Amino acid sequence: MDAPVLKSNKKRGALMEVLFRLKKSPLAMFGFFFIIFLAFTAIFADVLAPHPYQRQNLSHAFETPSKQFLLGTDEFGRDILSRLIYGARVSLQVGFIAVGIALFAGGMLGAAAGYYGGWADNAIMRVMDVMLSIPQTLLAIAIAAALGPGLFNLMIAVGISAVPNYARIVRGSVLSLREMEFIEAARAVGSSDLRIITKHIIPNSMAPIIVQSTLGVASAILNAAGLSFIGLGIQPPYPEWGAMLSGGRQYIRDYPHLTLYPGLAIMLTILALNFLGDGLRDALDPKLKR
Amino acid sequence: MIRYIVRRILFLIPVLAGVAFCVFTLLYLTPGDPAKMVLGEMATERAIQEFREREGLDKPFLMQFANYVYKAVTRGDIGRSYVTKRPVMDEILAAFPATLKLAAFAIVIAIIIGLPCGILSAIKQYSIFDTAAMIFAMIGLSMPVFWLGLLLILLFSVHLRWLPPSGFDTFQAMILPSLALSAQSISMITRMTRSSMLEVIRADYIRTARSKGQKESVVIWRHALHNALIPVVTLCGLQFGQLLSGAILTESIFAIPGVGRLMVDSIKARDYPVVQGGVLFVAVAFSLVNLLVDLLYAYIDPRIKAQYK
Chain A
1434 MDAPVLKSNK KRGALMEVLF RLKKSPLAMF GFFFIIFLAF TAIFADVLAP HPYQRQNLSH
1494 AFETPSKQFL LGTDEFGRDI LSRLIYGARV SLQVGFIAVG IALFAGGMLG AAAGYYGGWA
1554 DNAIMRVMDV MLSIPQTLLA IAIAAALGPG LFNLMIAVGI SAVPNYARIV RGSVLSLREM
1614 EFIEAARAVG SSDLRIITKH IIPNSMAPII VQSTLGVASA ILNAAGLSFI GLGIQPPYPE
1674 WGAMLSGGRQ YIRDYPHLTL YPGLAIMLTI LALNFLGDGL RDALDPKLKR
Chain B
372 MIRYIVRRIL FLIPVLAGVA FCVFTLLYLT PGDPAKMVLG EMATERAIQE FREREGLDKP
432 FLMQFANYVY KAVTRGDIGR SYVTKRPVMD EILAAFPATL KLAAFAIVIA IIIGLPCGIL
492 SAIKQYSIFD TAAMIFAMIG LSMPVFWLGL LLILLFSVHL RWLPPSGFDT FQAMILPSLA
552 LSAQSISMIT RMTRSSMLEV IRADYIRTAR SKGQKESVVI WRHALHNALI PVVTLCGLQF
612 GQLLSGAILT ESIFAIPGVG RLMVDSIKAR DYPVVQGGVL FVAVAFSLVN LLVDLLYAYI
672 DPRIKAQYK
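Quick mapping for you: the protein sequence lines, in order, are chains A and B.
Counting the first sequence from 1 gives a position; our numbering is that position plus 1433.
Counting the second sequence from 1 gives a position; our numbering is that position plus 371.
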């Protein structure tokens, strides 16, 4: 770490410091603002959407973009833009809640494994090894097939399949922190295990967790869209980007706009999250600083 | 070295048992009565009862699991399809060559494109090529494989009419699906090669090689690349497993009769034994590929060999 960084550390709070460093990367800033824009769209979907997402109008089916329907209409004459806007709600919900589930379960398991070590560590990590030996998309498919379709089941399937990633990261940082002197000091003054984990270890291992979570939201959204695409996620008529793509697929020869826009929405969202995650990794890790 | 190999193979057994347990539990939890699914809704109460006894479905959960493992290990029997009534293993084995071919094509493309791009990016760090390669790699990572597949069909089959939109019999037909499937792996390999090369290039022994007057090309190819490739080899193995599962979406877009297509069709038909059988099969294949990569890793990385001397 060089001197100017240390100095600026004192002046700003931790959050501002990260934002300050993030500002140096235009791609990360694009990602940051795109996600904020998307969250805004998702929250105010009811106000922003020009048409109700489920309203069918067969006399307007397969229309190309026009003033009335900015991105055209689908096979039932539903407004694609409105469906994309509501779809943002689904995708962000799935992404964030799935990662929340994975982070909570994986974090607890990883922290317990790393902190207690010994047989607890062994038992937990062997189970994680088993889960890791099934590719993540496939595990999500298996769980979703067992649970059946639906928004909630989709979140659980995608969330559980990502648990080992977080368990590993949290365990790794807990292992390296456990031997630090300030943890020993906390133990010496009589702090309980729970207090040491929640007050000292977790805050100090936030950086890799934040990065992994940001990238994790991206892969959760991608996985969820994939599951919906093969008919395991959200059922029609509710607009989900992957399901919209799947629905428009058979008309790709004559009406490619049915598949172009939902795909573009997925890609831009994932791209933004990946840029943001990469930017955060650089911003949070002083060693990687150029 | 032998000890390492034996250890690694023995370690595979509990992992595979765990995978089988996960898959079996998920199948057990799946809604729907297997007896009714096989015999049809019109089956008599007695026929259902007999079927349950014959198949051991009336036994407790753990007994059923033991039976499942026993049958899988001794006879390769992992259940029967609800729809075709054929053994799941037969269905999967019939479909697997297509998936393997697709994944193999994709990994070859990914290595051919990803490796040179990564090396060049690292050597010419911060150049226009580096920036462009990194942005393209990020786009490749963010592209849903099913959307990329559709875009490729739209461009090369519908508009340009260069390549067929489906099938896998001819070389031409394989190009689009393998390209779509490999996009993510190309990006991963490019990024990994680049960062691994960048790390190695700054190492002391590279400085030593340069200071003794070694030619730059020898420094890069012999000293740097040899060491930088070690993590990339692991990644390629992991990617191959990802490709096997990524093939699920690709196959359904390009109408390739592989394991993925079989699974998707089975999901739509609620033919769960085939779905979970496919998961088990791919997970086992994935574990075996990783085993091979680990053994290869030990072969190319003298540090691991030294540990087990």
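Here a beta-carbon is modelled for each residue, glycine too, at the ideal position from N, C-alpha and C.
Just so it is clear, the structure is predicted and the values come from calculations on it, not from any experiment.
I need the straight-line Cα distance from residue i to residue j, nearest angstrom please.
i                  : j                  : result
Gly-629 (chain B)  : Leu-614 (chain B)  : 13 Å
His-1484 (chain A) : Ile-1518 (chain A) : 10 Å
Met-505 (chain B)  : Arg-378 (chain B)  : 39 Å
Val-1734 (chain A) : Arg-1604 (chain A) : Given a span of 1434 to 1723 for chain A in the structure shown, any question on residue 1734 (chain A) remains unanswerable.
Ser-1646 (chain A) : Val-1451 (chain A) : 16 Å
Leu-1439 (chain A) : Leu-1455 (chain A) : Note that Leu-1439 (chain A) scores 45 on pLDDT, short of 50, meaning its location in the model is unreliable and no value can be drawn from it.
Ala-1436 (chain A) : Ile-1643 (chain A) : The predicted position of Ala-1436 (chain A) is uncertain, since its pLDDT is 43 and thus under 50; a value taken from the coordinates is nonetheless stated next. One C-alpha to the other measures close to 25 Å.
Ala-1545 (chain A) : Leu-1608 (chain A) : 10 Å
Ile-524 (chain B)  : Ala-477 (chain B)  : 17 Å
Ser-616 (chain B)  : Phe-1585 (chain A) : 23 Å
Ala-1573 (chain A) : Gly-1592 (chain A) : 8 Å
Pro-602 (chain B)  : Ser-567 (chain B)  : 7 Å
Ser-582 (chain B)  : Leu-522 (chain B)  : 50 Å
Ser-1458 (chain A) : Phe-1708 (chain A) : 9 Å
Asp-429 (chain B)  : Val-660 (chain B)  : 37 Å
Ile-499 (chain B)  : Gln-1487 (chain A) : 46 Å
Ala-1447 (chain A) : Gly-1505 (chain A) : 45 Å
Ile-373 (chain B)  : Thr-605 (chain B)  : 20 Å
Met-1558 (chain A) : Thr-470 (chain B)  : 31 Å
Alpha helix (DSSP H) containing residue i: first to last residue?
i                  : result
Pro-1641 (chain A) : 1639-1662
Asn-1707 (chain A) : 1690-1717
Gln-435 (chain B)  : 432-446
Trp-518 (chain B)  : 516-523
Tyr-1671 (chain A) : Per DSSP, Tyr-1671 (chain A) belongs to no alpha helix (DSSP H) and is neither H nor E.
Tyr-1519 (chain A) : 1513-1549
His-594 (chain B)  : Element bounds for His-594 (chain B): n/a, residue is neither H nor E.
Met-413 (chain B)  : Premise fails: Met-413 (chain B) is in no alpha helix (DSSP H) and is neither H nor E.
Pro-1429 (chain A) : Shown here, chain A extends from 1434 to 1723; a query on residue 1429 (chain A) therefore has no answer.
Lys-639 (chain B)  : 630-639
Leu-486 (chain B)  : 459-494
Could you work out which residue in the options is closest to residue i when comparing CA atoms only?
i                  : options                                           : result
Ile-380 (chain B)  : B:Val-655, B:Gly-485, B:Leu-400 and B:Trp-592     : B:Val-655
Asp-1479 (chain A) : A:Phe-1466, A:Leu-1504, A:Gly-1520 and A:Thr-1497 : A:Gly-1520
Thr-541 (chain B)  : B:Ile-482, B:Gly-511, B:Lys-472 and B:Gln-585     : B:Lys-472
Arg-446 (chain B)  : B:Val-454, B:Pro-458, B:Phe-436 and B:Gln-435     : B:Pro-458
Ile-638 (chain B)  : A:Ile-1576, A:Ile-1602 and A:Met-1462             : A:Ile-1576
Leu-1471 (chain A) : A:Gly-1547, A:Met-1700 and A:Asp-1718             : A:Met-1700
Leu-620 (chain B)  : B:Ala-474, B:Gly-485 and B:Asp-575                : B:Ala-474
Gly-389 (chain B)  : A:Gly-1680, A:Ile-1567, A:Arg-1628 and A:Trp-1552 : A:Ile-1567
Thr-564 (chain B)  : B:Leu-600, B:Phe-539 and B:Arg-581                : B:Leu-600
Pro-1641 (chain A) : A:Ala-1475, A:Ala-1651 and A:Gly-1710             : A:Gly-1710
Ala-580 (chain B)  : B:Val-590, B:Ile-671, B:Phe-392 and B:Lys-430     : B:Val-590
Phe-507 (chain B)  : B:Val-529, B:Ala-469 and B:Arg-562                : B:Arg-562
Pro-1582 (chain A) : B:Arg-641, B:Arg-674, B:Ala-669 and B:Tyr-375     : B:Arg-641
Arg-632 (chain B)  : B:Ala-391, B:Lys-407 and B:Pro-468                : B:Pro-468
Leu-1678 (chain A) : A:Glu-1612, A:Arg-1516 and A:Ala-1578             : A:Arg-1516
At a Cβ threshold of 8 Å, is residue i touching chain A?
i                 : result
Gln-610 (chain B) : no
Phe-436 (chain B) : no
Val-518 (chain B) : The residue you asked about is not Val; residue 518 (chain B) is Trp in the sequence shown. So, interface residue.
Lys-442 (chain B) : no
Leu-633 (chain B) : no
Pro-402 (chain B) : yes
Ser-452 (chain B) : no
Met-460 (chain B) : no
At a Cβ threshold of 8 Å, is residue i touching chain B?
i                  : result
Asp-1562 (chain A) : yes
Phe-1463 (chain A) : no
Leu-1717 (chain A) : no
Arg-1601 (chain A) : no
Leu-1709 (chain A) : no
Arg-1559 (chain A) : yes
Ile-1530 (chain A) : no
Arg-1682 (chain A) : yes
Leu-1608 (chain A) : no
Asp-1435 (chain A) : Low confidence applies here, because Asp-1435 (chain A) scores a pLDDT of 44, under 50, leaving its location unreliable; read the following figure in that light. No, Asp-1435 (chain A) does not count as interfacial toward chain B.
Ile-1685 (chain A) : yes
Does at least one heavy atom of the ligand COA sit under 7 Å from the Cβ of residue i?
i                 : result
Gln-610 (chain B) : This structure does not include the ligand COA; it has no bound ligands of any sort.
Under 7 Å, CB to CB, which of the residues in the stretch 491-512 of chain B have a partner in chain A? Met-509, Ile-510 and Leu-512
Quick one, which residues of the stretch 629-658 of chain B are near chain A if we go by CB-CB under 8 Å, in chain order? Cβ contacts with chain A: Met-634, Val-635, Ile-638, Lys-639, Tyr-643, Val-646, Gln-647, Val-650, Val-653, Ala-654, Phe-657 and Ser-658.
Please identify, using Cβ separations under 9 Å, the residues of the stretch 1566-1588 of chain A that lie next to chain B, in order along the chain. Ser-1566, Ile-1567, Pro-1568, Gln-1569, Thr-1570, Leu-1571, Leu-1572, Ile-1574, Ala-1575, Ile-1576, Ala-1577, Ala-1578, Ala-1579, Leu-1580 and Gly-1581
Contact set between the stretch 540-559 of chain B and chain A, restricted to residues whose Cβ is under 8 Å from the partner: none
Within 8 Å of chain A by C-beta, residues of the stretch 414-433 of chain B in sequence order: Within the stretch 414-433 of chain B, no residue qualifies.
Check each residue of the stretch 1687-1707 of chain A: if its Cβ is closer than 9 Å to any Cβ of chain B, include it; give the result in chain order. Pro-1689, Thr-1692, Leu-1693, Pro-1695, Gly-1696, Leu-1697, Ile-1699, Met-1700, Leu-1701, Thr-1702, Ile-1703, Leu-1704, Ala-1705, Leu-1706 and Asn-1707
Closer than 8 Å, Cβ to any Cβ of chain B: which residues of the stretch 1637-1670 of chain A, in chain order? Ala-1651, Leu-1655, Ala-1658, Gly-1659, Phe-1662, Ile-1663, Gly-1664 and Leu-1665
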